[in-house]
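Q: In order, the protein sequence lines correspond to chains A and B.
So the first sequence is numbered by my numbering: it starts at 217 and just counts up by one.
So the second sequence is numbered by my numbering: it starts at 217 and just counts up by one.
2 protein chains.
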Amino acid sequence: MKTSANTSERLIESTRELLWERGYVGTSPKAIQQRAGAGQGSMYHHFDGKPALALAAISRTAEEMRAAIDAQFAAPGTAVERISAYLRRERDVLKGCPLGRLTQDPDVMADATLRRPVEETFAWLRTRLTDVLAEGAARGELSGALDPAATASAIVAVLQGGYVLARAANSTTPFTEAVNGALGLLTAQAATQD
Amino acid sequence: MKTSANTSERLIESTRELLWERGYVGTSPKAIQQRAGAGQGSMYHHFDGKPALALAAISRTAEEMRAAIDAQFAAPGTAVERISAYLRRERDVLKGCPLGRLTQDPDVMADATLRRPVEETFAWLRTRLTDVLAEGAARGELSGALDPAATASAIVAVLQGGYVLARAANSTTPFTEAVNGALGLLTAQAATQD
DNA sequence: GTCTATAAGCAGATAGAC
DNA sequence: GTCTATCTGCTTATAGAC
Chain A
217 MKTSANTSER
227 LIESTRELLW
237 ERGYVGTSPK
247 AIQQRAGAGQ
257 GSMYHHFDGK
267 PALALAAISR
277 TAEEMRAAID
287 AQFAAPGTAV
297 ERISAYLRRE
307 RDVLKGCPLG
317 RLTQDPDVMA
327 DATLRRPVEE
337 TFAWLRTRLT
347 DVLAEGAARG
357 ELSGALDPAA
367 TASAIVAVLQ
377 GGYVLARAAN
387 STTPFTEAVN
397 GALGLLTAQA
407 ATQD
Chain B
217 MKTSANTSER
227 LIESTRELLW
237 ERGYVGTSPK
247 AIQQRAGAGQ
257 GSMYHHFDGK
267 PALALAAISR
277 TAEEMRAAID
287 AQFAAPGTAV
297 ERISAYLRRE
307 RDVLKGCPLG
317 RLTQDPDVMA
327 DATLRRPVEE
337 TFAWLRTRLT
347 DVLAEGAARG
357 ELSGALDPAA
367 TASAIVAVLQ
377 GGYVLARAAN
387 STTPFTEAVN
397 GALGLLTAQA
407 ATQD
């Protein structure tokens, strides 16, 4: 058995990086090959073409993101504590969300196969966060007046929008501010609970 | 004087549409010419090249957005009412924000000239919203415990992130939910005020 | 599995005629 | 102002040798 990363593996990882940095439309097979140190023929031997390679890359990114979030939410603590930890965990803010950015890519959104992992992951995340919030409401940590699903969507949107603001400003400040603002609102309404 | 739209005008408008639909990297001079009904030579007569045309398009979009938001915030009403009206105004949700999407474009962000209108518009928007929130706090409509700047960033982020979620889901639902969630939090904390 | 050759078409212009 | 010709290099492969 081989211990070093094989060519197929390097191609997938290179594609993941380039999709994150430049998007699908901005990434050429040639750029992938160069980053992976693989030749033209080698790439087309392992994958049918750019869409197939992108699907492998996007699927892996989606899986990793899901696993990371699952671990985060499974940690002990109140709903607000776990959400706070999730929002404040270390991130490469200026690079943005590797999945969220694909949402702006016309060729990804136009291809049902490429689109599916993106769609499913965000749907799953919103559901997962809704559960955490509903749990918090059931325990009396949060106001029952809040709609858990709406609040969950707002929180995920703050994250995704925070990336947008950070990139626009070329600074992590607006991202941090947005997260603080969201948590400020969440704890301010919790103060209503007494 | 001419009354019909001239070629230069049509080129700018076509570029604006394409930047919105496909981004800078995904838009070719040829596509712009075809949409504008202009020839190659015609385009290069009026503009130095793709970056110059994009700058004209992006600048105009930024100006329009700023004027629209200014009008929105100048309307009468409490801080929460004006913010609610802003968040809930009619939008082409699935198309996303024409300026926010450029944030994901590597070639726009790498070019200081193209980047500036995007950066300035979002900086201005956050400041403007911060003023509205500070005003609300001064009037006693909102809790003084909230940081106006952080809350403003969170609200703008909800909007930008709402677009991302809507595109991921291919549905306006998550956008509406996120807006409702944000307004829910804002009014819930206002309930603390008594 | 990897390499080189080949190819139709697009990207992003420049040059000069009209 | 607009048009056609021309150009270099990239895109996204396919074919076949090694």
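For every residue, glycine included, the Cβ atom is placed at its ideal position computed from N, Cα and C.
These numbers come from a predicted model, not from an experiment.
What is the rounded straight-line gap between the Cα of A382(B) and the Cα of L330(A)?
A: Sequence index remark: in the second sequence, residue 382(B) carries index 166 (1-based). Sequence index remark: in the first sequence, residue 330(A) carries index 114 (1-based). Roughly 16 Å separates the two Cα atoms.
Q: Work out the CA separation of A252(B) and A326(A) for me, nearest whole Å.
A: Within the first sequence, numbered from 1, the residue matching residue 326(A) stands at position 110. Within the second sequence, numbered from 1, the residue matching residue 252(B) stands at position 36. Distance between the alpha carbons of A326(A) and A252(B) is about 24 Å.
Q: Can you pull the chain A residues whose beta carbon is under 7 Å from the beta carbon of D347(B), in chain order?
A: Start at 1 with the first residue of the second sequence, and residue 347(B) comes out as number 131. Within 7 Å Cβ-Cβ: nothing; D347(B) doesn't reach chain A, min ~15 Å.
Q: Only counting the same chain, and skipping five residues up and downstream in sequence, which positions put a Cβ closer than 6 Å to that of P333(B)?
A: Position 117 of the second sequence, counted from the start, is the residue given in the question as residue 333(B). I274, S275 and A278, listed in sequence order.
Q: Taking A406(B) as the reference, which of T388(B), S359(B) and P390(B) has the closest Cα?
A: As a first step, residue 406(B) is located in the second sequence; it is residue number 190 there, counting from the start. Comparing Cα-Cα distances from A406(B) to each of T388(B), S359(B) and P390(B), the minimum goes to S359(B).
Q: Along chain B, in chain order, which residues have C-beta atoms closer than 9 Å to that of L362(A)?
A: Start at 1 with the first residue of the first sequence, and residue 362(A) comes out as number 146. Ordered by position in chain B, the residues that pass the 9 Å Cβ test against L362(A) are G397, G400, L401 and A404.
Q: Does T389(B) come out as helix, strand or coil in the three-state DSSP assignment?
A: Here residue 389(B) refers to the residue found at position 173 when the second sequence is read from its first residue. DSSP places T389(B) in helix when its eight states are reduced to three.
Q: List, in chain order, every chain B residue whose beta-carbon is nearer than 9 Å to that of R342(A).
A: In the first sequence, residue 342(A) corresponds to position 126, counting from 1. Correct list: L381, A385, P390 and E393.
Q: Would you list, in chain order, the members of the stretch 311-323 of chain B that have their beta-carbon closer than 9 Å to a beta-carbon of chain A?
A: Within the stretch 311-323 of chain B, the residues whose Cβ lies closer than 9 Å to some Cβ of chain A are G312, C313, L315, G316, R317, L318, T319, Q320, D321, P322 and D323, listed in chain order.
Q: With a Cβ-Cβ cutoff of 8 Å, do A398(A) and V374(A) count as a contact?
A: In the first sequence, the residue the question calls residue 398(A) occupies position 182. In the first sequence, the residue the question calls residue 374(A) occupies position 158. In this structure, V374(A) lies closer than 8 Å to A398(A) by Cβ.
Q: Any beta-carbon of chain B closer than 8 Å to the one on G257(A)?
A: For this step, residue 257(A) is matched to residue 41 along the first sequence. Closer than 8 Å: no.
Q: Give the secondary structure of T319(A) by DSSP, where H, G and I count as helix, E and B as strand, and everything else as coil.
A: Within the first sequence, the letter at position 103 stands for residue 319(A). In the structure shown, T319(A) sits in a helix (DSSP, three-state: H, G or I).
Q: Mind checking which residues open and close the alpha helix (DSSP H) that includes K246(A)?
A: Numbered from its first residue, the first sequence carries residue 246(A) at position 30. P245 to A252 is the extent of the alpha helix (DSSP H) around K246(A).
Q: In chain order, what residues of the same chain lie with their CB nearer than 7 Å to the CB of L341(A), ignoring the 5 residues before and after it?
A: To locate residue 341(A), count along the first sequence from 1; it is residue 125. Excluding sequence neighbours, L341(A) sits near I285 and V372.
Q: Output the boundary residues of the alpha helix (DSSP H) element that contains K266(A).
A: Taking the first sequence and counting its residues from 1, the one referred to as residue 266(A) is at position 50. Where K266(A) is concerned, the enclosing alpha helix (DSSP H) stretches over K266 to A290.
Q: With a CB to CB cut of under 6 Å and the five nearest residues on each side skipped, what residues in its chain are close to F263(B)?
A: As a position in the second sequence, residue 263(B) is number 47, starting the count at 1. Here the set comprises L269.
Q: Quick check on the DSSP output: the alpha helix (DSSP H) that includes P333(A) runs from which residue to which?
A: What you label residue 333(A) is simply residue 117 of the first sequence in a count that begins at 1. For P333(A), the uninterrupted alpha helix (DSSP H) segment begins and ends at A328 to A354.
Q: How is P364(A) classed by DSSP in three states: helix, strand or coil?
A: Position 148 of the first sequence, counted from the first residue, corresponds to residue 364(A). DSSP places P364(A) in helix when its eight states are reduced to three.
Q: Distance cutoff 8 Å, beta carbons only. Does A283(A) sit that close to anything in chain B?
A: Counting from 1 along the first sequence, the entry for residue 283(A) is found at position 67. Output row for A283(A): interface = no.
Q: Taking 8 Å as the CB-CB limit, is F289(A) close to chain B?
A: One-based indexing of the first sequence puts residue 289(A) at position 73. No, F289(A) does not count as interfacial toward chain B.
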